[in-house]
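Take a look at the structure below.
2 protein chains.
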Amino acid sequence: MEMNSQMTTAPDAPKSRSGQVQSLTRALSVLNVIADNSPGLTLTGIARKLGLAPSTTHRLLTTLQEERYVQYDRDSSHWQIGLQAFVAGNGFLSSRDLVSVARPFMRRMMEKSGETINLAIPDGDHVIYLAQVESREMMRVYSKPGKRVPLHCSGVGKAILMTMTDADIDRIASTEGLARLTDKTITDPDQLKQHLAGCRPLGFALDDEEHAVGLRCVASVIYDEYAEPMAAVSISGPAARISTAQLQEIGETTRFFAGEITTALGGQPPKGA
Amino acid sequence: MEMNSQMTTAPDAPKSRSGQVQSLTRALSVLNVIADNSPGLTLTGIARKLGLAPSTTHRLLTTLQEERYVQYDRDSSHWQIGLQAFVAGNGFLSSRDLVSVARPFMRRMMEKSGETINLAIPDGDHVIYLAQVESREMMRVYSKPGKRVPLHCSGVGKAILMTMTDADIDRIASTEGLARLTDKTITDPDQLKQHLAGCRPLGFALDDEEHAVGLRCVASVIYDEYAEPMAAVSISGPAARISTAQLQEIGETTRFFAGEITTALGGQPPKGA
DNA sequence: CTATTCATTTCCATATTGTGAAAACGTTTC
DNA sequence: GAAACGTTTTCACAATATGGAAATGAATAG
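As they're listed, the protein sequences go chains L and C.
In terms of the working numbering, the first sequence opens at residue 1 and continues consecutively.
In terms of the working numbering, the second sequence opens at residue 1 and continues consecutively.
As structure tokens, then:
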């Protein structure tokens, strides 16, 4: 921690990229280190952790404080993250929306699986398709963005259902009913609950021709910053191409990419998963 | 836009406080201005808005980018808030554990009322939304954490106003003004004072389509250990669902849970209430 | 295809600006 | 009262940030 005063002689890492602003880099690492240590840190504590001089740290902190990116708690002598950092940081969520963040990942999912990828968000007792990356196969699934489908008989819908309690499922079953779309549609609430319970540990949901004959579909959930389900992605294709043997692998693909999208959006998976 | 390039000759404001770090101050205003313009801004756009040289702005941006406080969207040539800014900014929430304490209560409020619950803290003459638990209804209120709204035309804001004196209200009215957002917004200071006086004995504030047409909102105050208002919670939903007949019951719900959160935080309601 | 505009990026000489040692100043603890 | 710990100010120095200028790139129009 006592090194790097002589950067002149030993410009080890810092020179890595061309013209960076030293004071800013330092200030941001101050912010980071404060954010990492929830209750806050003392000035000298921060200086020690970063190997900075107390006076330098103090100057950076007061500047950050001026703009309300940090705040000083007189009682505990602790520096904490300030309100303005919260406000500015939340601009992250509005800047890039779900679809534009998810789309590149969806493309990679399509390349990997060869099948059509769908992105959908829950809306009450339905899901709404937001975006699609189409398979290059000739025979492929088609579903327009904006389309509403019930929760109980689609891959994305069942992925969302997996995050709900049995009580929620009963409520939906009684208010909306469990419409039968194909022979394989699960229309019995108890059977549905049991089926979902089996899916939860896997981390993905399976729609096996329950929505349309010949169509199989595997889906996983994307979580927001409060670990609440905010969307789901699915890989769907003809049952002829999505064999039972491949299910495990395809399921892991959706789960993996759903996780990637979750973190890219600043979201968090629930503690259980 | 051609001014203040000659800061050398006219160091107008910057000298205001003793030892501030210029580059950091500038970088933070870059962050602020990006956060304020949701879709992001172009480099030259930022430089223009702040009166900085493009090269300087570019250097600050790349440094911020290095630490992932901003990100560059190649397609739109727009600079946006980065993930790390979001992460660090959210450290604000964990320093005060208001949100984590309040959230379970908010969930119960949602279960009981069926409507969306918001938590906000006062910030000068505004409130800032911190957290939300969303209603399961299809038609529901949407408002992002981090958003700033004026005090006089939101449920949470009016709840905070209720704890202030008439003199405070006059001061706010004269400095910030009482912007009209809908037909029903109260823009007359005297009328506002009279309205709030009527609400105080009830223990909750009502926003009856004063912020957005069709939106009703009921809010109560959360107090800290010095019996000072530190936050407010609200139940909000479409006027169609929150009937006048229900107001009393919903108001009591917010008051009850605000009280629960207050005590959970070790706070005290003021002697009067 | 060339001209034009708008945005990003690199370069460099300059002195403005950030830097850290040291010491003064408060608090709290023993 | 001394010691330990954290904050704040001061100051001389040169390292570091700065902005003008010009190169590069991308997109649009003519």
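For each residue, glycine too, the CB sits at the ideal point set by N, CA and C.
- A distance below 8 Å between beta-carbons, with the five flanking residues on each side excluded, links residue 83(C) to the following residues of its chain, in chain order: 68 and 71.
- If the five residues before and after residue 172(L) are omitted, its C-beta is found closer than 7 Å to the C-beta atoms of 125 and 151, all from its own chain and listed in chain order.
- Contact with chain C is found for residue 80(L), since one of that chain's Cβ atoms lies less than 7 Å from the residue's Cβ.
- For residue 78(C), there is no enclosing alpha helix (DSSP H); the enclosing beta strand (DSSP E) has its first and last residue at 78-81.
- Here DSSP, grouped into helix, strand and coil, assigns residue 23(L) to helix.
- With a threshold of 7 Å between beta carbons, residue 51(C) makes no contact with chain L.
- Collapsing the DSSP output to three states places residue 117(L) in a strand.
- Residues of chain C whose Cβ lies closer than 8 Å to the Cβ of residue 223(L) do not exist, since the nearest Cβ in that chain is about 14 Å away.
- Put simply, the CB of residue 118(L) is far from chain C, with every gap to its CB atoms at 7 Å or more.
- Between the beta-carbon of residue 233(C) and that of residue 106(C) there is about 7 Å, and that keeps the pair under the 8 Å contact cut.
- Looking at the DSSP output, residue 41(C) sits in a beta bridge with 79(C).
- Taking 9 Å as the upper bound on Cβ-Cβ separation, chain L lies near residues 83, 84, 85, 86, 87, 88, 89, 90, 91, 92, 93, 94, 95, 96 and 97 of the region 83-101 of chain C.
- In the DSSP assignment, the residues bridged to residue 215(C) are 238(C).
- Here residue 80(C) is buried: its Cβ has 16 or more other Cβ atoms, across all protein chains shown, within 10 Å.
- Under a criterion of Cβ atoms nearer than 8 Å, no residue of chain C is adjacent to residue 268(L); the nearest Cβ is some 10 Å distant.
- Of 60(C), 34(C) and 61(C), the smallest CA-CA separation from residue 49(C) is found for 34(C).
- Taking C-alpha positions only, residue 186(L) is separated from residue 61(C) by approximately 53 Å.
- Residue 215(L) holds the alpha-carbon nearest to the alpha-carbon of residue 243(L) among 64(L), 117(L) and 215(L).
- In the three-state reduction of the DSSP assignment, residue 229(L) falls in the strand class, which pools E and B.
- Beta-bridge pairing by DSSP links residue 131(L) to 119(L).
- Beta-bridge partners assigned by DSSP to residue 220(C): 233(C).
- Only residues of its own chain outside the window of five on either side were considered, and among them 120, 127, 219, 232 and 234 have a CB closer than 6 Å to the CB of residue 156(L), listed in chain order.
- Counting only Cβ-Cβ distances below 8 Å, residue 236(L) has no contacts in chain C at all, with the closest Cβ about 25 Å away.
- Excluding five sequence positions before and after residue 200(C), the CB atoms of its chain that fall closer than 8 Å to its own CB belong to 162, given in chain order.
- Within chain L, 21 and 24 have C-beta atoms less than 7 Å from the C-beta of residue 60(C), given in sequence order.
- Put simply, of 270(C), 262(C) and 254(C) the residue whose alpha carbon is nearest the alpha carbon of residue 117(C) is 254(C).
- Under the 7 Å criterion on CB atoms, residue 201(C) is classed as non-interfacial with respect to chain L.
- Under the three-state reduction of DSSP output, residue 152(C) falls in the coil class, being neither helix nor strand.
- Within the same chain, Cβ atoms closer than 6 Å to the Cβ of residue 261(C) are found at 102, 105 and 222, the five residues on either side in sequence being excluded.
- Sequence-distant Cβ neighbours of residue 46(C) in its own chain, meaning closer than 8 Å and more than five residues away, are 30, 33, 34, 52, 57, 61 and 79.
- Below the 9 Å Cβ cutoff, chain L contributes no neighbours of residue 151(C), its closest Cβ being approximately 16 Å away.
- Less than 7 Å separates the beta-carbon of residue 154(L) from that of residue 207(L).
- For a Cβ distance threshold of 7 Å, residue set 87, 88 and 91 of chain C lies close to residue 35(L), ordered along the chain.
- Boundaries of the beta strand (DSSP E) harbouring residue 71(L): 70-73, taken from the DSSP string.
- One finds 20, 21, 24 and 25 in chain L with Cβ atoms closer than 7 Å to the Cβ of residue 63(C), taken in chain order.
- In summary, residue 193(C) is buried, with 16 or more beta-carbon neighbours lying within 10 Å of its beta-carbon over all protein chains present.
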